[in-house]
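For the sequence shown, position 311 matches number 311 in the numbering used here, and the numbering has no gaps at all. Take a look at the structure below.
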Amino acid sequence: MSAVNWATTSPPPSVPPDVAAAGADDALHEAGTGSWVDLFRDLHANPELSMHEHRTATRLAETLRAAGLDVTEGVGATGLVGVLRNGDGPVVMLRGDMDALPIKEETDLPYRSEASGVLPSGTSVPVMHACGHDMHVTCLAATAQALAQARDAWSGTLLIVGQPGEETFQGAKAMLDDGLFTRFPKPDVALGQHVMPAPAGYVLHRAGAIMAATASVDITIHGRGGHGSQPASCVDPVTTAAYFVTRVQAVVARETPSFDPVVVTPGMFHAGTKANIIPDQAVVTLNVRAMSDAALDRALAAVRRIAEAECAAAGSPRPPEFEMFAQGPATVNDDRLVGGLAAAHTALPGATVTQLPSPFMGSEDFSEYGLPRDRYHGDAVPYAFWMWGGADGDRYPNFQPTDVQSGESDIPGNHTTRFELDAEPTIAIGNRLLTTSALSYLA
Ligand SMILES: [Zn+2]
Ligand SMILES: [Zn+2]
């Protein structure tokens with residue numbers, strides 16, 4: 001595997017650090033073996049839903065305290081913050097998200113999840129780490145320990161953030177609202193990484209926008225229910241909602257410029273209880289994504305207009321209701337940071353660094369940490385976010401980096417029942433990526 005040339009218009013912020021010379025070699029060598037694989041398997045077998053990451057946070061807190069960090073739990077509900085003050089220098093924030101998904105795991109892993117959880121609706125669901133946040137927590141713990149052991153080699157402050165509720169876009173906001181940047185040292189730079197369906201060793205960077213802005217919306221479509229034998233005396237919300245779901249695809253097909261991608265996905269459609277009952281209402285839940293706030297606002301306005309028009313066309317007794325949730329801005333990397341980090345990562349043994357040709361339409365609330373907001377005290381925090389592969393490369397010998405975005409990969413993707421990480425190499429490279437990145441600013 002050869003590294004792809006990284007073109008950048010800005011110089012790296014520092015020379016890629018020689019991590020071994022920095023004295024962290026023993027700690028880094030430990031990555032991918034023994035205790036970190038055990039921690040990963042334990043987290044994988046015990047996933048928790050968003051904002052309920054009690055056990056996960058406790059496990060992370062234990063490892064951070066053992067490494068000598070000053071740990072505060074319960075920041076933004078189940079979030080936690082670890083601080084390692086080590087002399088003068090920048091404050092570098094490393095963030096890992098901790099939550100799992102309401103998915104029934106179907107891997108053959110001996111440590112697969114049998115766990116269940118309860119959604120806010122009260123529904124009991126199976127729970128699975130199908131987005132790799134168990135890996136993120138493991139690498140955060142391993143990196144904290146490596147940097148603590150190598151503290152003679154760097155100077156500054158390390159801020160470790162174990163974030164809850166990424167999948168619901170609640171966690172970053174909750175931690176910021178609970179004083180992440182006021183009760184603790186405000187970072188000069190924030191760094192984060194995410195596993196993706198590529199063989200372990202692949203590292204994907206992108207300057208500028210790397211992930212989309214997103215918003216979800218519950219749309220309640222009102223009808224007038226009655227006996228299924230008498231549709232003429234009713235207003236059928238199921239038919240109205242079905243027309244809406246079909247028509248709303250035109251937002252992408254006919255209203256969106258082809259150079260400015262938008263995704264509109266009706267992920268949920270709930271109505272009715274019995275074949276011969278016309279219900280009073282139907283609820284369609286949409287997820288909308290775009291690469292800018294302006295494009296997202298334009299798409300959401302179109303969604304609203306079409307829902308209102310379909311309800312008017314059907315003779316609904318009242319207009320539809322809209323409830324927005326899980327909103328977040330696009331993740332837009334600082335170009336200068338990405339240039340430096342990609343260069344540092346390219347120098348790591350076993351890493352194949354590639355530039356993403358276009359952003360992912362996935363989303364991340366990591367972007368919240370970089371928003372310029374007065375309520376979070378002052379200037380925006382520059383950040384960089386990258387992806388790294390976690391699959392067993394031997395099982396996917398024909399993988400090409402372009403497969404990640406073309407949809408042609410046969411590696412089970414994030415949020416699927418068979419999403420599976422090859423623990424040892426993924427921890428090893430994930431830890432090195434994160435440690436090297438932190439040392440790029442601290443060393
Ligand atoms: Zn996810
Ligand atoms: Zn994720």
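In this text, a Cβ means the ideal position worked out from N, Cα and C, and glycines have one as well. Computed from a prediction, not measured in an experiment: that's the story for all the values here.
Alpha carbon of residue i to alpha carbon of residue j, nearest angstrom
i      : j      : result
ILE306 : PHE244 : 7 Å
ALA198 : THR426 : 10 Å
GLY132 : ALA391 : 11 Å
ARG418 : ASP134 : 15 Å
ALA511 : ILE219 : The first residue shown for the chain is 1 and the last is 443, placing residue 511 beyond what the model contains.
VAL404 : SER233 : 51 Å
PRO317 : GLU308 : 12 Å
GLU323 : ALA313 : 22 Å
ILE221 : ALA213 : 26 Å
GLY192 : SER258 : 30 Å
SER437 : VAL125 : 37 Å
ILE278 : GLY315 : 15 Å
ARG183 : ALA142 : 25 Å
ARG289 : LEU296 : 6 Å
LEU434 : LEU140 : 8 Å
ARG254 : ALA299 : 11 Å
ALA250 : ASP260 : 15 Å
THR346 : ASP334 : 18 Å
PRO349 : TYR202 : 11 Å
LEU439 : ALA344 : 10 Å
THR72  : LEU64  : 10 Å
LYS104 : LEU176 : 32 Å
MET387 : GLY272 : 42 Å
GLU166 : HIS194 : 12 Å
Host beta strand (DSSP E) of residue i (start-end)
i      : result
GLU73  : 70 to 73
SER437 : Here SER437 belongs to no beta strand (DSSP E); instead the alpha helix (DSSP H) covers 423 to 442.
SER124 : 124 to 126
ILE221 : 213 to 222
ARG85  : 80 to 86
THR265 : 262 to 271
VAL92  : 91 to 97
Same chain only: Cβ atoms within 6 Å of residue i, ignoring 5 sequence neighbours per side
i      : result
GLY370 : ALA380, VAL381, TYR383
THR107 : ARG418, GLU420
PHE269 : VAL284
Cβ-based neighbour list, residue i, same chain, cut-off 7 Å, excluding 5 preceding and 5 following
i      : result
ALA190 : MET93, ARG95, TYR369, GLY370, VAL381, TYR383
MET211 : ALA330, THR331, PRO359, PHE360, GLY362, SER363, GLU364
GLN170 : SER50, MET51
ASN46  : ARG55, ALA115
GLU310 : THR240, TYR243, PHE244, ARG247
ALA200 : GLY389, GLY390, ALA391, GLY393, ASP422, PRO425, THR426, ILE429
Residue range of the unbroken alpha helix (DSSP H) whose run includes residue i
i      : result
ALA174 : 171 to 177
ALA250 : 250 to 255
GLN145 : 133 to 149
ASP335 : 335 to 346
THR182 : Premise fails: THR182 is in no alpha helix (DSSP H) and is neither H nor E.
GLU62  : 54 to 66
SER35  : 35 to 45
Cβ distance (whole Å) where residue i is taken to contact residue j below 8 Å
i      : j      : result
GLY208 : LEU442 : About 25 Å; that fails the 8 Å criterion.
ASN287 : THR265 : 5 Å
SER216 : PHE325 : 5 Å
HIS205 : LEU356 : 7 Å
MET248 : VAL263 : The question names Met, but residue 248 in the sequence shown is Val. Not a contact, Cβ separation roughly 12 Å.
HIS496 : SER113 : Residue 496 is absent from the model: the chain starts at 1 and stops at 443.
ALA174 : ALA77  : 6 Å
Nearest neighbour of residue i, chosen from the options [CA to CA]
i      : options                        : result
LEU341 : THR72, GLY68, ARG432, ARG59    : ARG432
GLU321 : ARG55, VAL37, ALA241           : ALA241
THR416 : ALA67, LEU39, ALA130           : ALA130
ASN398 : SER409, GLY389, TRP388         : SER409
SER292 : ALA141, THR239, GLY328, THR63  : GLY328
ASP38  : VAL203, ASP236, ALA343, TYR111 : TYR111
ARG395 : ASP422, CYS311, ASP334, GLY165 : ASP422
ILE411 : VAL303, ASP260, MET196         : MET196
PHE40  : LEU147, ASP280, VAL203, THR138 : THR138
ASP70  : GLY407, THR402, ALA144         : ALA144
ALA146 : TRP386, GLY179, ALA66, VAL81   : ALA66
ALA172 : GLN400, VAL338, MET98, LEU158  : MET98
Residues near residue i by beta carbon distance below 8 Å, same chain, minus five either side
i      : result
ARG151 : LEU84, ASN86
LYS186 : VAL91, HIS377, GLY378, VAL381
ASN276 : HIS227, GLY228, SER229
Neighbour flag for residue i against chain C, beta carbons, 8 Å
i     : result
GLY76 : Annotation note: the requested chain C is absent from the structure, which comprises a single protein chain.
Check your understanding: What does the shell around ligand 3 hold, if a residue joins when its beta-carbon is under 7 Å from any heavy atom?
Key -> Ligands in the displayed structure: ligand 1 and ligand 2; ligand 3 is not one of them.
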